[in-house]
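Below you'll find the structure, written out as structure tokens, and then a few comments.
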Amino acid sequence: MKSISNIVFCCVLWALLSSCQAPNHSAQNPVSLSLKALEKNSNIAGKVAKPIRHQQTEYWLLTSETSGVLLTDQQGNLLSNIAGHIELLDWRDNIKIGNQTFGLIAALDSNLGQVVIIQLDWQNLQLSELTRFKDFSSQIESLCWYQMPQGHLSLFTTDALGQVEQRIVIDESQRALTDVIVHAFIGAPQTKSCAVNDHTQSLYIVEENIGVWRYFADHESELSRELVIATQPHGPIDSEVTHIEVLASGDLLVSTPEQQGVWLVEPENNDQASFVHFQGIHMPETVTARLDDEQLKLGIFDDKTARYFTSQLHYSKKPQSTILPLMPAVQAYAQSTPMAAYGDAADDPAIWINFDDSAQSRVLGTNKKQGLMQYDLQGNLLQELNVGRVNNVDIRYGMTLGGKRFDIATASNRSTKSISVFSIEPNTGYMTHISDIKTDIDDVYGLCMYTNGNQYYVFINGTDGHFQQYLLQQDAAKISGELVREFYAPSQPEGCVVDDQNQQLYYGEEAVGVWQVSAEPIEEASRLIIQTNETFVADVEGLGIYRYKEQRFLFASSQGNDSYGVFALDINNQYLGSFKIEMNLSLGLDGASETDGLAITAYPLGESLPAGLLVVQDGRNRLPLAPQNFKLVDGRDIQLLLQNWLTNE
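Here it is as structure tokens:
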């Protein structure tokens with residue numbers, strides 16, 4: 050098995066390398082720059098010389114294996130330092146801690162194997178150590194800052210085993226130091242450097258013999274990577290790659306010491322990469338830069354002489370524009386107990402309301418590897434029924450079987466190609482599996498219920514677009530179903546929801562949008578009422594209806610960008626906007642991403658949830674890393690979103 054895995058890995062790597070096209074030019078006629086030794090501090094046995102600026106005054110940040118981190122003026126005069134055996138650092142300015150604003154340095158103390166967080170107080174031009182991160186399982190090879198969209202400042206580290214770890218260092222909401230690991234994954238072996246573009250949320254990692262990889266920096270994003278520029282024969286670089294710098298324009302500086310220079314790379318257009326040669330016999334292991342007007346001021350560590358140099362390069366590109374306003378976001382107040390094992394397991398929730406004591410209402414959730422789960426309103430697992438690979442679930446109230454009144458849940462069961470039927474005790478919420486209703490759908494998928502008086506219906510669909518509608522029938526022993534209607538969606542559907550009062554079925558076609566059709570078992574053509582757009586993107590998944598101020602709002606999960614679209618059904622299905630569920634750092638809850646199903650109600654669920662509840666499936670559960678689960682959001686936060694959108698209409 051190990052040899053097969055290696056073969057597969059090599060094939061995947063070859064495919065990735067082959068997809069990275071080399072530039073159409075060579076480095077035969079590069080730009081050539083002369084270098085100037087840094088005054089007073091060219092020979093301090095370090096690796097990084099970073100030019101920085103504050104209020105039009107220029108400074109240098111230098112690392113030294115003997116003197117630690119040094120802050121100097123432009124003439125090299127020492128202003129402050131922090132002792133240590135420091136090789137690498139990264140820098141972010143204008144970071145708020147408490148009521149003050151500082152520069153912040155992350156530095157690697159190689160002797161101790163620790164990451165040191167250092168504060169630069171601009172008022173006093175003094176460096177001071179804030180904290181250290183220790184107990185890494187392997188030697189740290191690189192580090193880089195990333196300011197997250199929520200404002201939190203996080204730090205990526207890569208180690209000798211190829212593991213990448215992201216931890217939050219500054220909690221923006223508290224403006225205070227913290228240490229919360231939010232993501233860890235296996236990246237590239239032989240990592241030499243990393244850097245992040247905050248604007249594009251791109252993490253760049255250098256694999257010295259391969260080139261530069263790009264990952265998503267957002268910890269909620271899908272784990273994937275793209276080769277930006279490669280070494281020969283798949284790219285122009287005829288050297289090991291040792292360092293990367295993200296310029297204010299978004300371009301990259303890629304250090305290639307054996308080529309005696311640096312590559313200037315446009316990440317989205319690598320065939321425009323250009324080479325800058327450094328005159329003399331130099332091996333630039335690290336090259337950093339600051340963009341000033343139309344000049345790049347460079348800080349260079351030459352591995353051949355172990356000295357620092359500087360130079361300037363004409364560069365006409367402007368800094369990236371200000372980051373566009375983020376999609377609005379809410380936070381979960383609780384999350385459910387994770388599934389028992391990793392993998393694509395959690396899928397669709399439903400909310401059962403206890404009308405005797407609404408604070409004792411329950412959340413049902415499917416585990417499509419196992420069965421149906423039940424949780425309380427804090428997400429604690431109360432009951433599980435292992436009846437097979439149930440995919441979607443829905444609930445209706447007040448059914449009678451054998452003279453006994455109960456609430457009912459149904460779920461699409463992929464193990465048995467059936468509709469699994471469950472009774473729910475109205476007082477306690479206790480569930481019992483009653484029966485399975487066989488269908489002739491090859492791969493059952495989505496499901497939702499509809500009630501009209503004492504008639505209970507179930508809609509079930511398959512991955513091929515096949516919909517069936519069953520009328521539930523009661524006898525003394527079980528519940529069966531009569532097939533009363535069939536129709537087809539143009540392509541794969543899943544999520545659906547019925548507005549009982551208006552007798553309307555809404556269902557999602559994953560790649561296209563949302564359709565509406567009568568929920569009554571009559572022949573009627575479906576109508577496409579909502580189409581995907583630039584922010585409400587495919588795949589369209591879970592659907593739910595929320596009632597607010599006597600209006601109906603359709604909520605739909607948009608897997609393609611980890612968001613939720615909201616539509617005013619009573620205003621001609623108008624798209625109001627989309628929102629995300631972001632990390633709740635104070636409670637240690639991550640956000641929600643790659644959501645399959647959702648459920649929402651405006652019914653008050655006790656004093657703590659007076660405006661109801663939104664429940665969504667979380668496809669990537671990362672704080673801490675755990676199997677999939679469900680996130681719970683206070684309905685008051687949903688109402689605030691709606692108020693803002695409706696006020697601005």
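In terms of the numbering used here, the sequence shown opens at residue 50 and continues consecutively. Yeah, the Cβ is synthetic: ideal placement off N, Cα and C, and Gly gets one too.
By the Cβ neighbour-count rule, GLN124 is exposed, with fewer than 16 other Cβ atoms within 10 Å of its own. Measuring C-alpha to C-alpha distances from SER177 to each of LYS183, SER187, SER186 and ILE166 identifies ILE166 as the nearest. THR584 sits close to SER607, with the two beta carbons spaced by under 9 Å. Under the Cβ criterion (8 Å, minimum of three pairs), the segment 188-201 does not count as touching the segment 606-625. Three or more beta-carbon pairs drawn from the segment 90-104 and the segment 135-144 are found closer than 8 Å, and the two stretches are therefore classed as touching. By the Cβ neighbour-count rule, SER186 is exposed, with fewer than 16 other Cβ atoms within 10 Å of its own. As DSSP reads the structure, ASP341 sits in a beta bridge with GLN344. Rounded to whole angstroms, the gap between the alpha carbons of THR180 and SER113 is 19 Å.
ARG356: not part of any alpha helix (DSSP H); member of the beta strand (DSSP E) spanning 356-363, first to last residue.
Cβ neighbours of LYS353 within its own chain (closer than 7 Å, five residues either side excluded): ILE330, HIS331 and MET332. Shown here for GLN688: same chain residues with a beta carbon closer than 7 Å to its own, the five before and five after excluded, namely TYR597 and ALA660 in chain order.
In this structure, the straight-line span from the alpha carbon of ALA266 to that of GLN172 is close to 32 Å.
Shown here, ASN622 sits in coil according to DSSP, grouped into three states, outside any helix or strand.
Restricting attention to alpha helix (DSSP H) runs no shorter than 4 residues, the segment 239-297 encloses none. Contact between the segment 255-275 and the segment 146-166 is absent: fewer than 3 CB-CB pairs across the two stretches fall below 8 Å. Under the three-state reduction of DSSP output, SER323 falls in the strand class. Taken through DSSP and simplified to helix, strand or coil, ILE579 comes out as strand. The continuous stretches of alpha helix (DSSP H) do not include ASP397, which lies in the beta strand (DSSP E) extending over residues 395-401. For the pair ALA395 and VAL218, the Cα-to-Cα distance works out to about 31 Å.
Distance from the CA of GLU88 to the CA of GLU307, rounded to the nearest whole angstrom, comes to 25 Å.
Between GLU214 and ASP208, the C-beta gap is smaller than 9 Å, which places the two residues in contact.
The beta-bridge partner set that DSSP reports for PRO79 is empty.
In this structure HIS292 is buried. Its beta-carbon is surrounded by 16 or more other beta-carbon atoms within 10 angstroms. For TRP194, the enclosing beta strand (DSSP E) stretches over residues 189-196.
SER129 is a Cβ neighbour of LEU174, given a cutoff of 9 Å. In this structure, the alpha-carbon of ARG356 lies about 5 Å from that of SER91.
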